[in-house]
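Visitor: Below you will find the structure I want to go over with you.
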Amino acid sequence: MNFPKKFDFSWLDRALQPISKEFFKFFSNVVPLQKKDDSSMEISLAAGTGDLKALKIILSLKNPSFDLPDDKGDTPLFYAARGGHTEVIDFLCGQKIDVNHANIAGKTAVFYAVELNQLDALDSLIKHGAKLDIKNADGITVIHQALLAGQEPALIFLAETPGAPLAEPDRFDHSPLILAADGQLLNACKTLLSKDVPVDWSDQEGWTALMHATKRGHLEMMSVLISAGASIHSHDRDFKQTPYLIACRNGHIEAMELLLRNNANSADIDYYSRTALHIAVETNRLEVVEFVLKTPVDLHLKDRFGLTALEWAVVNSSADILKVIRDAVAKSDKKE
Numbered sequence: 299m300n301f302p303k304k305f306d307f308s309w310l311d312r313a314l315q316p317i318s319k320e321f322f323k324f325f326s327n328v329v330p331l332q333k334k335d336d337s338s339m340e341i342s343l344a345a346g347t348g349d350l351k352a353l354k355i356i357l358s359l360k361n362p363s364f365d366l367p368d369d370k371g372d373t374p375l376f377y378a379a380r381g382g383h384t385e386v387i388d389f390l391c392g393q394k395i396d397v398n399h400a401n402i403a404g405k406t407a408v409f410y411a412v413e414l415n416q417l418d419a420l421d422s423l424i425k426h427g428a429k430l431d432i433k434n435a436d437g438i439t440v441i442h443q444a445l446l447a448g449q450e451p452a453l454i455f456l457a458e459t460p461g462a463p464l465a466e467p468d469r470f471d472h473s474p475l476i477l478a479a480d481g482q483l484l485n486a487c488k489t490l491l492s493k494d495v496p497v498d499w500s501d502q503e504g505w506t507a508l509m510h511a512t513k514r515g516h517l518e519m520m521s522v523l524i525s526a527g528a529s530i531h532s533h534d535r536d537f538k539q540t541p542y543l544i545a546c547r548n549g550h551i552e553a554m555e556l557l558l559r560n561n562a563n564s565a566d567i568d569y570y571s572r573t574a575l576h577i578a579v580e581t582n583r584l585e586v587v588e589f590v591l592k593t594p595v596d597l598h599l600k601d602r603f604g605l606t607a608l609e610w611a612v613v614n615s616s617a618d619i620l621k622v623i624r625d626a627v628a629k630s631d632k633k634e
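Okay, so the sequence shown: first residue is 299 according to this note's numbering, each after it adds one.
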């Protein structure tokens with residue numbers, strides 16, 4: 299009896315249906331268990347659907363490779379991890395597979411358990427020897443992965459795991475705390491701080507976690523970081539922006555107030571010698587201009603371009619802002 303070389307179905311597709319073991323065995327002999335069939339990985343399909351019975355049948359019929367990757371480098375363990383199938387993970391790990399195999403993206407199965415918040419799968423992988431300090435091409439560990447995916451439960455789980463790289467930066471020098479602050483993940487931030495990670499670690503641009511939280515205007519996050527000892531006088535590498543100037547640039551008046559209550563300097567200047575008033579004028583925010591004018595600020599200070607905030611307002615702001623600053627300057631000059 300002649301059969302075509304390729305079928306429009308995989309043998310495992312049929313095996314997963316309520317049919318006889320003899321039928322399953324016949325097709326497993328036609329199509330080798332260690333090769334792909336119509337670009338699908340049959341063992342991975344069983345792993346991804348959590349079908350432990352099918353995997354055991356495969357094992358009883360042949361000596362298959364349970365570590366065979368697909369075209370992205372994902373092995374059946376990756377599929378089981380994504381689906382949170384702990385029994386399948388336990389079964390696969392019992393077949394002497396590489397639990398720390400990395401796919402083309404440089405990620406191991408544990409990355410996907412974290413990304414999808416599959417905590418039981420994560421626990422199972424760790425018990426079977428999954429490493430937490432493996433980095434992909436961008437220097438991302440599973441800790442970073444949890445934060446980038448916004449998965450606070452996974453981060454909190456990992457934080458309690460011995461050896462978790464809670465302070466390790468990625469290749470851009472983003473520490474987990476910075477990612478938590480930038481992602482507005484308050485519980486993750488609190489968890490990391492409770493593990494004594496460096497609060498003032500800065501990334502390649504010189505931004506600290508407090509600076510990232512300030513940019514987002516996340517007041518509670520800022521308060522937590524300040525209480526943990528974050529410096530309110532730090533500044534970035536190129537533009538010398540302090541948290542106060544960052545809050546000003548992004549229009550976060552309440553953040554500016556919070557920083558001033560914690561002894562920030564209202565007279566801060568950036569690399570271009572611009573004050574908060576210069577920046578408020580540049581960003582054309584009347585409410586911020588009015589707030590800054592209530593704080594100690596030099597109305598006559600010239601920036602590196604030789605312009606005062608009033609002169610910037612003439613060319614760059616609305617008539618309302620120009621009037622407010624002009625009145626403030628006139629009032630200041632009269633006092634002098």
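From the three backbone atoms N, C-alpha and C, an ideal C-beta is built for every residue, glycine too.
(1) Provide the residue span of the alpha helix (DSSP H) that contains K633, from first to last.
(2) Taking just the CA atoms, how far does N548 sit from N582?
(3) Would you mind sorting Y570 into buried or exposed? The rule is 16 or more other CB atoms within 10 Å of its CB.
(4) How many whole angstroms separate the CB atoms of V495 and L464, which I take to be in contact at a CB cut-off of 8 Å?
(5) Give me, in chain order, the residues of the same chain whose beta-carbon lies closer than 7 Å to that of I544; leave out the 5 immediate sequence neighbours on both sides.
(6) Going by beta carbon distance, what residues of the same chain come within less than 7 Å of Q482, once the five residues before and after it are set aside?
(7) What's the gap between the Cα of K394 and the Cα of D369?
(8) Can you tell me whether H442 is helix, strand or coil according to DSSP?
(9) How would you label Q332, buried or exposed, when you count the other beta carbons within 10 angstroms and need 16 or more for buried?
(10) Compute the beta-carbon to beta-carbon distance between K429 and N398, rounded to the nearest angstrom, for a pair I have assumed lies under 8 Å.
(11) Output the distance between the C-alpha atoms of A479 and D468, rounded to the nearest integer angstrom.
(12) Using the rule of at least 16 other Cβ atoms within 10 Å of the residue's Cβ for burial, across every protein chain shown, is A553 buried or exposed?
(13) Is it right to say A626 is buried, meaning 16 or more other beta carbons lie within 10 angstroms of its own, or is it exposed?
(14) Does the Cβ of I341 have 16 or more other Cβ atoms within 10 Å, making it buried, or fewer, making it exposed?
(15) Just reading off the alpha helix (DSSP H) that H598 is part of, what are its end residues?
(16) What's the call for D618, buried or exposed, on a 16-neighbour Cβ count within 10 Å?
(17) Taking the alpha carbon of H472 as the point to measure from, which residue in S521, L445, A457 and P594 has its own alpha carbon closest?
(18) CA-CA distance, L343 and Y377?
(19) From the DSSP output, in three-state form, read off Y569 for me.
(20) Using three-state DSSP, classify N614 as helix, strand or coil.
(21) In chain order, what residues of the same chain lie with their CB nearer than 8 Å to the CB of N614, ignoring the 5 residues before and after it?
(22) Give the straight-line distance between the Cα atoms of L477 and W505, rounded to the nearest whole angstrom.
(23) With H, G and I counted as helix, E and B as strand and the rest as coil, what does DSSP make of E518?
(24) According to DSSP, simplified to helix, strand and coil, what is L490?
(25) Roughly how many whole angstroms lie between the Cα atoms of A418 and D365?
(26) Please report the straight-line C-alpha distance between L359 and L350, rounded to a whole angstrom.
(27) Would you give the residue range spanned by the alpha helix (DSSP H) that H576 belongs to?
(28) Around the Cβ of A474, are there at least 16 other Cβ atoms within 10 angstroms (buried) or fewer (exposed)?
(29) If we require 4 or more residues per run, which alpha helix (DSSP H) segments fall completely within the stretch 367-409?
(30) Going by the CB atoms, is the gap between L420 and V408 shorter than 8 Å?
(31) For a test of the three-state rule: what should DSSP assign to N434, helix, strand or coil?
(32) Can you give me the C-alpha to C-alpha distance between G527 and L490, rounded to a whole angstrom?
(33) Is it buried or exposed, V440, if we count other Cβ atoms within 10 angstroms and call 16 or more buried?
(34) By how many angstroms is the C-alpha of T373 removed from the C-alpha of D436?
(35) Report the rounded CA-to-CA distance for I387 versus S521, giving the unit in angstroms.
Guide: Quick answer:
(1) A617 to K633
(2) 11 Å
(3) exposed
(4) About 5 Å separates the two Cβ atoms, so the contact holds.
(5) M509, T512 and K513
(6) R514, H516 and M519
(7) 22 Å
(8) helix
(9) The predicted position of Q332 is uncertain, since its pLDDT is 49 and thus under 50; no value can be drawn from it.
(10) Rounded to the nearest angstrom, the Cβ distance from K429 to N398 is 5 Å, consistent with a contact under 8 Å.
(11) 15 Å
(12) With 16 or more Cβ atoms within 10 Å of its Cβ, A553 is classed as buried.
(13) buried
(14) Classification of I341: buried, given that the 10 Å Cβ count is 16 or more.
(15) No alpha helix (DSSP H) contains H598, which DSSP labels as neither H nor E.
(16) exposed
(17) L445
(18) 8 Å
(19) Looking at Y569 - three-state DSSP - the assignment turns out to be coil, as it is neither helix nor strand.
(20) helix
(21) V579, E580 and N582
(22) 11 Å
(23) In this structure, E518 counts as helix in the three-state DSSP scheme.
(24) helix
(25) This sequence places Asp at residue 418; Ala is not what is there. So the alpha carbons of these two residues sit roughly 21 Å apart.
(26) The alpha-carbon atoms of L359 and L350 are separated by roughly 14 Å.
(27) A574 to E580
(28) Going by the sequence as given, residue 474 is Pro instead of Ala. Answer is buried; the Cβ neighbour count reaches 16.
(29) 374-381 and 384-391
(30) yes
(31) Per DSSP, reduced to three states, the secondary structure at N434 is coil, with no helix or strand assignment.
(32) Taking the straight line from one Cα to the other gives about 14 Å.
(33) buried
(34) 21 Å
(35) 42 Å
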